[in-house]
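Notes to accompany the following structure.
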Amino acid sequence: MAVNSHLQKLISALMVRIGCSWLGGPWLGYHPAIRKLISALGLIALALFAACSPPSPPLTSKGVVRLPRDPKPPTAIDLLSLDPRNHLLYVAHSSSNSLDMIDTRTMKVVGSVAGLLNVKATTPTSDPNIIFSSNGNDGTLSVIDVPARKVLEKIKIGGNPDAISYDPSHDVVAVGVTAEKKLKLVDVRTRKITASIELPGTPEQMAVDSQDGTIFVAINDKDEVAVIDVGTQQVTKFYRSCNIKLPKGVAFDPESKRLFVADSPPSPVPGTLSIVDVLLDRCLGSVDLGKGTDQLGFNSHTHHVYTADGGSSFVSIVDSISLKPLGVAGTGAGGGTLAVDSTTDMVYVGLEKRGLIAVYHDP
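Okay, structure coming up:
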């Protein structure tokens with residue numbers, strides 16, 4: 010083998026230097042004891058080489074998608090969402106008051122919907138042709154026809170609607186209304202508000218357990234996560250374990266019933282990812298993150314959690330089963346929001362300062 014050849018030369022030179030040249034020539038590499046020694050040294054060298062090699066990156070860059078240019082820079086991008094059924098990534102392009110649609114197969118912008126004043130977030134519904142957006146400046150939800158690229162209806166919600174999510178078990182869209190400190194539920198079929206649930210503080214992002222109709226809402230200024238039963242339209246409990254502080258991003262693994270909560274303290278303080286077992290109502294631990302963490306994503310195929318640490322210019326990847334950090338992937342400045350496609354293991358990160366969507370594959 011090649012390693013043996015190199016080692017033979019090295020050992021021969023060494024033996025000559027120390028006066029043992031009699032071991033050279035036909036003895037070196039042919040005597041059984043020498044052959045065993047060389048093989049052992051070769052294996053050790055290979056093991057050391059492997060140990061010293063840099064670890065493979067947790068995500069592989071697949072390029073970027075440029076968003077339509079803003080009429081008045083700088084660019085601002087808010088929460089992302091994705092629907093694998095029609096291969097579309099929805100980008101809340103708040104600085105241009107528009108929703109941009111990206112085909113995840115071609116990695117191209119295929120359409121935009123204008124007139125969404127300070128659009129904050131979007132959510133797909135049971136119908137892949139209908140999505141909802143929350144619009145901060147006029148306090149509305151927009152019902153959007155995806156193929157037609159147009160707004161079908163605007164639903165008046167009130168004070169600064171922000172994060173939204175869809176509960177398929179009750180066919181409702183939940184929206185956090187920050188100015189009113191409420192969570193409002195909208196019936197997708199009738200497009201009417203069916204509940205207005207009082208919260209103890211300012212709602213941030215949310216995650217849905219679609220198996221039992223539960224919504225987990227981060228209450229940023231109260232250092233807790235509120236649990237809402239959609240069926241009874243009531244707050245049923247709060248999670249405050251794991252020393253949760255200023256929670257913002259939330260993700261949920263319905264298989265393991267684990268809740269992931271990202272703290273986002275003011276920079277330069279780094280955040281943490283808290284993991285809660287909602288069945289046992291127990292803190293399982295926490296993982297250190299970067300700074301300025303905003304949106305989270307969960308991949309049900311790889312069982313990985315991704316956190317957009319915009320203040321540190323990277324995405325953190327955590328194994329949701331072992332609860333161990335798997336590393337970070339650099340994104341550049343301003344990468345605070347993301348979406349994950351569990352059917353393809355692709356990760357999309359909004360880079361608002363450059364008006365780009367960075368595309369990655371896991372690994």
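Our numbering applies: residue 10 is where the sequence shown begins, and numbers increase by one.
Beta carbons are placed, not taken as given, at the ideal position from N, Cα and C, and that holds for glycine.
All values derive from a computational prediction rather than experimental measurement.
Sub-8 Å separation of residue i and residue j beta-carbons
{"i": "S322", "j": "G345", "result": "no"}
{"i": "K163", "j": "V122", "result": "no"}
{"i": "V356", "j": "V324", "result": "yes"}
{"i": "T316", "j": "A348", "result": "no"}
{"i": "K266", "j": "D238", "result": "no"}
{"i": "I86", "j": "G359", "result": "yes"}
{"i": "L335", "j": "P77", "result": "no"}
{"i": "D176", "j": "G222", "result": "yes"}
{"i": "I173", "j": "F225", "result": "no"}
{"i": "V184", "j": "L150", "result": "yes"}
{"i": "N95", "j": "P137", "result": "yes"}
{"i": "P256", "j": "V278", "result": "no"}
{"i": "S107", "j": "L88", "result": "no"}
{"i": "V182", "j": "T132", "result": "yes"}
Same chain only: Cβ atoms within 7 Å of residue i, ignoring 5 sequence neighbours per side
{"i": "G167", "result": "G148, V186 and E189"}
{"i": "P80", "result": "S105"}
{"i": "G339", "result": "S322 and F323"}
{"i": "D218", "result": "F261 and P263"}
{"i": "S351", "result": "N308, S309 and H310"}
{"i": "K191", "result": "S205, I206, E207 and L208"}
{"i": "R75", "result": "G364 and L365"}
{"i": "R198", "result": "D180"}
{"i": "L298", "result": "A271, P279, G280, T281, L282, T316, D318 and S325"}
Member of the options whose CA lies at the smallest distance from the CA of residue i
{"i": "D303", "options": "V155, Q214 and N95", "result": "Q214"}
{"i": "P275", "options": "K254, N308 and I140", "result": "K254"}
{"i": "D92", "options": "V155, S107, R78 and S65", "result": "V155"}
{"i": "N127", "options": "S309, T115 and G145", "result": "G145"}
{"i": "D318", "options": "L332, A183, T281 and P170", "result": "T281"}
{"i": "T5", "options": "E361, P372 and K362", "result": "This structure gives no information on residue 5, because the portion of the chain shown stretches from 10 to 372."}
{"i": "I366", "options": "S65, R94, N95 and A101", "result": "A101"}
{"i": "A130", "options": "V152, Q220, I202 and G320", "result": "V152"}
Residue i (DSSP reduced to helix, strand or coil)
{"i": "K81", "result": "coil"}
{"i": "G185", "result": "strand"}
{"i": "G359", "result": "strand"}
{"i": "D230", "result": "helix"}
{"i": "S178", "result": "coil"}
{"i": "S250", "result": "helix"}
{"i": "S105", "result": "helix"}
{"i": "S321", "result": "helix"}
{"i": "N146", "result": "coil"}
{"i": "D221", "result": "coil"}
{"i": "D354", "result": "coil"}
{"i": "N95", "result": "coil"}
{"i": "T245", "result": "strand"}
{"i": "P209", "result": "coil"}
{"i": "N308", "result": "strand"}
{"i": "R200", "result": "coil"}
{"i": "R158", "result": "coil"}
{"i": "S151", "result": "strand"}
{"i": "G345", "result": "strand"}
Own chain, CB closer than 6 Å to residue i, minus 5 neighbours either side, in chain order
{"i": "G72", "result": "V368"}
{"i": "H312", "result": "S329 and I330"}
{"i": "L97", "result": "M110"}
{"i": "E361", "result": "T84, A85, I86 and G343"}
{"i": "A216", "result": "F225, V259, A260 and F261"}
{"i": "Q220", "result": "P263"}
Spatial neighbours of residue i in its chain, beta-carbon cut-off 8 Å, leaving aside the 5 residues before and after
{"i": "R291", "result": "S250 and V285"}
Beta strand (DSSP E) segments (min. 3 residues) lying fully within the region 263 to 291 = The beta strand (DSSP E) runs lying completely inside the region 263 to 291 and spanning 3 residues or more are 267 to 272 and 281 to 286, given in chain order.
Point to revise | Uninterrupted beta strand (DSSP E) stretches inside the region 110 to 134 (no shorter than 3 residues) | key: 117 to 122 and 128 to 133
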